[in-house]
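This note's numbering numbers the first residue of the sequence shown as -11 and each following residue consecutively.
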Amino acid sequence: NDPLTPPEEDGQLTTEEIFAKLNNLKRCDVPTACEKLTAFIDVQGKCLYYVVCGWGADFTGYIVDYGVFPDQYKNYFSLRDVNRTLQRAFPGTGQEGAWRAGFETLTGMLLGREWKRDDGSILRISRCLIDANDGNAAQTVYDFCRQSTHAAIVMPSRGKGVTASSTPFSDYRRKPGDRVSEWNWRIPAAIGRNAIRFILFDTNYWKSFVRSRWRVAKGDAGCLSLFGKRSEAQRMFAEHTTSEYSVRTEGRG
């Protein structure tokens, strides 16, 4: 009476699948169905990539904004082509100082603004995660999240790829103060005088989850769509999204 869930379709997500999910909305337009806004900031040495998503109660998602800071003023480029770097935007800073100034400016832009919904209601970003997996940037991320004026919203984020032979998140032994979710993420208790809580999540699970959302038909619950009308304007984002593919493996039986 508890049948196994059928295995998810494997294979590479294609740019054509992403282009098919353009919803013809303008950039930064928030649909009425959205109840929450979230943001994520990916940390690179030269720049910061970010994305803002709106979510309905059934996990129907809308990518309402994305970009790079500092702005490169072009739709398509690679990391090696980034000329307007953090160091150029904030002269006289080292790498850590440039990251810190970039975090402050970008979170001010994203978290300090009001996002207007189609029905006239105002939403604000309720959670912003910042990638803290890079050992070089991790301490800067932790210090910023602890000291930021948006400390109630920003949180360091660390992804962990759980393979077939690894211990799944569901088998994790909860410790006092831990916050554990059935959705393969947890927030360990802060330890130490200067410790700050961070979120740890299973990247393999969530990459598969997002891929499934892209493959849900428009109009169905759980569909993920992207603003815009022209596919060429979204090619860089589509190629980033489809740059990885899954391989089915087995471990421990």
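Backbone N, C-alpha and C define an ideal beta-carbon position, used for all residues, glycine too. Just so it is clear, the structure is predicted and the values come from calculations on it, not from any experiment.
For this session: For lysine 9, count neighbouring C-beta atoms within 10 Å of its own C-beta (all shown protein chains included) and say buried if the count is 16 or more, exposed if not.
Result: Here lysine 9 is buried. Its C-beta has 16 or more other C-beta atoms within 10 Å.
Problem set entry | C-alpha gap between serine 158 and aspartate 166, whole angstroms | 14 Å
Problem set entry | Minimum C-alpha distance to leucine 98 - residue among Leu25, Asp190 and Leu212 | Leu25
For this session: Could you please give the first and the last residue of the uninterrupted alpha helix (DSSP H) stretch that includes serine 196?
Result: 191 to 202
Problem set entry | Same chain, Cβ closer than 7 Å to glutamine 32, neighbours up to 5 away in sequence not counted | Result list for glutamine 32: Leu67, in chain order.
Exercise. So glycine 210 packs on arginine 201, CB below 8 Å; how close in whole Å?
Worked result: 6 Å
Exercise. Can you tell me whether DSSP reads leucine 94 as helix, strand or coil?
Worked result: helix
For this session: Report buried or exposed for isoleucine 179, applying the criterion of at least 16 other Cβ atoms within 10 angstroms of its Cβ.
Result: By the C-beta density criterion, isoleucine 179 is exposed, having fewer than 16 other C-beta atoms within 10 angstroms.
Exercise. Going by alpha carbons, who is nearest to alanine 120 out of Arg105, Asp106 and Gly147?
Worked result: The shortest C-alpha separation from alanine 120 is found at Gly147.
For this session: With distances taken Cα to Cα, identify the nearest neighbour of aspartate 106 among Trp194, Gln0 and Glu23.
Result: Glu23
Exercise. Can you tell me the Cα-Cα spacing of leucine 36 and lysine 62, whole angstroms?
Worked result: 15 Å
Problem set entry | Beta-carbon gap between glutamine 222 and phenylalanine 57 smaller than 8 Å | Cβ distance not < 8 Å, so glutamine 222 and phenylalanine 57 don't count as in contact.
Exercise. Can you name, in chain order, every residue of its own chain whose Cβ lies under 6 Å from the Cβ of arginine 76, other than the five neighbours on each side?
Worked result: Counting only Cβ-Cβ distances below 6 Å, and skipping sequence neighbours, we find nothing.
For this session: Answer with buried or exposed for aspartate 59, where buried requires no fewer than 16 other C-beta atoms within 10 angstroms of its C-beta.
Result: exposed
Problem set entry | For lysine 195 and cysteine 41, the rounded distance between their alpha carbons | 15 Å
Exercise. Taking the C-alpha atoms as reference points, what is the distance between isoleucine 110 and valine 129?
Worked result: 29 Å
Exercise. Where threonine 93 and serine 213 are concerned, what is the direct C-alpha to C-alpha distance, given to the nearest angstrom?
Worked result: 27 Å
Exercise. Can you give the beta carbon distance from phenylalanine 215 to arginine 15, rounded, assuming they're within the 8 Å contact cut?
Worked result: Indeed, because the Cβ distance is near 5 Å, the residues count as touching under 8 Å.
Exercise. Smallest Cα separation from serine 114: which of Ser234, Val235, Tyr38 and Met143?
Worked result: Met143
For this session: With DSSP as the reference, label leucine 117 as helix, strand or coil.
Result: Three-state DSSP puts leucine 117 in a strand.
For this session: Just tell me which of Thr95, Ala152, Gly85 and Phe47 has its CA closest to the CA of glutamine 127.
Result: Gly85
Exercise. My guess is that cysteine 133 and alanine 139 are in contact by the Cβ rule of under 8 Å, so how many angstroms apart are they, rounded?
Worked result: 7 Å
Exercise. With distances taken from CA atoms, which of Phe91, Gly90, Arg161 and His228 is nearest glutamine 0?
Worked result: His228
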